[in-house]
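S.K.: In the working numbering, the protein residues as written are 16 to 288.
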């Protein structure tokens, strides 16, 4: 059985699985471990007053909504996602937060955007490139709909670097690999991005990495493990008994303060030439 990235194939999941992903995306957006990574680049999108921003693959719209709430943001933000369930949740959250006039969402394909050339001052993708079927198509579309001189921002993890501590190193390594392969279509894509940008008329302005690490206690990596470990079984990489044993070991480490997990994330800021 082949691993199937749940975000890439979200439209084939049952309602309960989609609700779990919505909970994961919303919980992640409130996690201090993760929110600082968005804040690191959100203020550098260079959006003029009244400017337009597009988030590609917005999920539940958590990042677009966070942008709309920023005191230094005076534009209008739009998010697109291929999941109608995610988009419905995003619009509901925006209305509930009173920001629907500044943040709205619609169904759309990140690899075939239904917008005219150069219609946005900035376009960003937050942990999306690692999931799509055609990364080059998505990059080309992001560049196309950005005005000349506008900003394209891409944030994602180098998930090949993701690791959880485990006393049995070989078993832990195998579970790390299985978890990553079951969760991401393109786990190494951020290592290739600097080479790919010029082909789409994008000039790299700056880039940096951030290590996300939790030692002793866990919030971000706990949610990640609990949400995505079941997909290891569905992929056929490991039996249920091994996944259960691994999760039990992680929960035990969280309880006794010996937990460890880490992953490196990267941000690329580029200008459309």
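Beta carbons: idealized from backbone N, C-alpha and C, even for Gly.
Answer yes or no: do residue 122 and residue 147 have a C-beta to C-beta separation smaller than 8 Å?
M.R.: Their beta carbons are not under 8 Å apart, which means residue 122 does not touch residue 147 by this criterion.
S.K.: Might you give, ordered along the chain, the residues of its own chain that have their beta carbon closer than 7 Å to the beta carbon of residue 100, omitting 5 neighbours on each side?
M.R.: Cβ within range, chain order: 33.
S.K.: Return the residue from the list 81, 138, 131 that minimises the CA-CA distance to residue 112.
M.R.: Of the listed residues, the one whose Cα sits closest to residue 112 is 81.
S.K.: Among 251, 197, 178, which has the Cα closest to the Cα of residue 188?
M.R.: For residue 188, the nearest C-alpha among the options comes from 178.
S.K.: Under the three-state reduction of DSSP, which class applies to residue 271: helix, strand or coil?
M.R.: Note: residue 271 maps to helix in three-state DSSP.
S.K.: I'd like the list of long-range same chain contacts for residue 37, defined as Cβ closer than 6 Å, with 5 residues on each side in sequence excluded.
M.R.: Contacts found: 75, 104.
S.K.: Around the C-beta of residue 166, are 16 or more other C-beta atoms found within 10 angstroms, so that it is buried, or is it exposed?
M.R.: Result: buried.
S.K.: Closest by CA to residue 223, which one among 129, 170, 174, 94?
M.R.: Closest option to residue 223, Cα to Cα, is 170.
S.K.: Could you tell me the distance, in whole angstroms, from the CA atom of residue 232 to the CA atom of residue 265?
M.R.: Near 10 Å, if we compare the C-alpha coordinates of residue 265 and residue 232.
S.K.: With DSSP as the reference, label residue 232 as helix, strand or coil.
M.R.: In the structure shown, residue 232 sits in coil (DSSP, three-state: anything other than H, G, I, E or B).
S.K.: Suppose you measure from the CA of residue 70 to the CA of residue 61; what does that come to, to the nearest Å?
M.R.: Answer to the nearest angstrom: the Cα atoms are 14 Å apart.
S.K.: Between which two residues does the beta strand (DSSP E) containing residue 98 stretch?
M.R.: Premise fails: residue 98 is in no beta strand (DSSP E) and is neither H nor E.
S.K.: Around the C-beta of residue 129, are 16 or more other C-beta atoms found within 10 angstroms, so that it is buried, or is it exposed?
M.R.: With fewer than 16 other Cβ atoms within 10 Å, it is exposed.
S.K.: On the DSSP bridge assignment, give the partners of residue 283 in chain order.
M.R.: Note: residue 283 sits in a beta bridge opposite 169, 222.
S.K.: Return the chain-ordered ranges of every beta strand (DSSP E) run that is complete within the segment 46–132 and spans a minimum of 3 residues.
M.R.: With a minimum length of 3 residues, the continuous beta strand (DSSP E) runs that stay inside the segment 46–132 are 67–71, 91–96, 118–122.
S.K.: Can you tell me which of the three DSSP states residue 256 falls into?
M.R.: It is helical.
S.K.: Taking its Cβ as the centre, do 16 or more other Cβ atoms sit within 10 Å of residue 26, making it buried, or is it exposed?
M.R.: That one is exposed.
S.K.: Taking C-alpha atoms, which residue in 107, 41, 98 lies nearest to residue 78?
M.R.: Selected option, being the one with the closest Cα: 41.
S.K.: Distance check for residue 250 and residue 21, CA to CA, integer angstroms please.
M.R.: Each residue's alpha carbon lies about 11 Å from the other.
S.K.: Which first and last residues belong to the alpha helix (DSSP H) in which residue 197 is found?
M.R.: 184–198 is the extent of the alpha helix (DSSP H) around residue 197.
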